[in-house]
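Colleague: Start counting the sequence shown at 6; every next residue gets the next number (the working numbering).
C-beta atoms are modelled at their ideal positions from N, C-alpha and C, and glycine is treated no differently.
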Amino acid sequence: MTTSNSDDTGHTTLPAAAPTAPAGAADAAVRAELSRLRDSIDNIDAAVVHMLAERFKATQQVGHLKAAHRLPPADPAREAQQISRLRTLAENAKLDPAFAEKLLNFIIAEVIRHHERIAEQSALTPAPDAPHAADTPRHTR
């Protein structure tokens, strides 16, 4: 915040500017720091993408297990538990819990969409161990 003073004539004067480094040196230092920070952000983004890929591999397996046992794609109790857990993790990490909840809700919606698609495909494809009608004796049909 800058402050101003009045001189003897009543005119407002601004404080003297702080000494600055030569323009080229400051610009180079700022660009180097921006580059370092952006490299770190890029590495974190890559890790986030890889972690999401691993998470979706696991949820795909959950989707196949649910479909095989005709369980619903969504599990509201589990989802509420996860949201509560993630909000606590976010608070402990000094991350906005509302943001964390929005992110998890987005991920959960995508997982449910995948589970619905897996269930639809499963309904169209007979289970590998299911007997075919022609192989089943008439008295058990």
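(1) Which first and last residues belong to the alpha helix (DSSP H) in which Leu91 is found?
(2) May I ask you to report which of helix, strand or coil DSSP gives Ala69?
(3) Under 9 Å, do Ile112 and Pro78 count as touching if we go by C-beta distance?
(4) Taking C-beta to C-beta, are Leu109 and Leu91 nearer than 9 Å?
(5) Ala119 and Gln65 look like a contact to me (Cβ under 8 Å); what is the Cβ gap, rounded to whole Å?
(6) What does the Cβ neighbour count give for Ala72, buried or exposed, with the cut at 16 atoms within 10 Å?
(7) Suppose the cutoff is 7 Å on Cβ atoms and the five residues either side in sequence are ignored; what does the same chain contact list for Leu100 look like?
(8) Which class does Arg75 belong to by DSSP, given the choice of helix, strand or coil?
(9) Classify Asp2 as helix, strand or coil using the three-state DSSP reduction.
(10) Would you kindly work out how many angstroms separate the C-alpha atoms of Ser40 and Asp50, rounded to a whole number?
Modeller: Let me lay it out:
(1) Counted from its first residue, the sequence shown places residue 91 at position 86. Leu91 -> alpha helix (DSSP H) spans Pro81 to Asn97.
(2) Against the sequence shown, residue 69 aligns to sequence position 64. The sequence shown places His at residue 69, not Ala. Looking at His69 - three-state DSSP - the assignment turns out to be helix.
(3) The residue given as residue 112 occupies position 107 in the sequence shown. The residue given as residue 78 occupies position 73 in the sequence shown. No.
(4) Taking the first residue of the sequence shown as 1, we reach residue 109 at position 104. Taking the first residue of the sequence shown as 1, we reach residue 91 at position 86. Yes, Cβ-Cβ distance for Leu109 and Leu91 is below 9 Å.
(5) Reading the sequence shown from its first residue, position 114 is the one you call residue 119. Reading the sequence shown from its first residue, position 60 is the one you call residue 65. In the sequence on display, residue 119 carries His and not Ala. At roughly 6 Å, the Cβ-Cβ gap stays under 8 Å, so His119 and Gln65 are in contact.
(6) The residue labelled residue 72 in the question sits at position 67 within the sequence shown. It counts as buried.
(7) Working through the sequence shown from its first residue, we reach residue 100 at position 95. Nothing listed; no residue qualifies.
(8) Numbered from 1 along the sequence shown, position 70 holds the residue referred to as residue 75. Looking at Arg75 - three-state DSSP - the assignment turns out to be coil, as it is neither helix nor strand.
(9) With the chain covering 6 to 146 only, the question about residue 2 has no answer from this structure.
(10) Walking along the sequence shown from the start, residue 40 turns up at place 35. Walking along the sequence shown from the start, residue 50 turns up at place 45. So the alpha carbons of these two residues sit roughly 15 Å apart.
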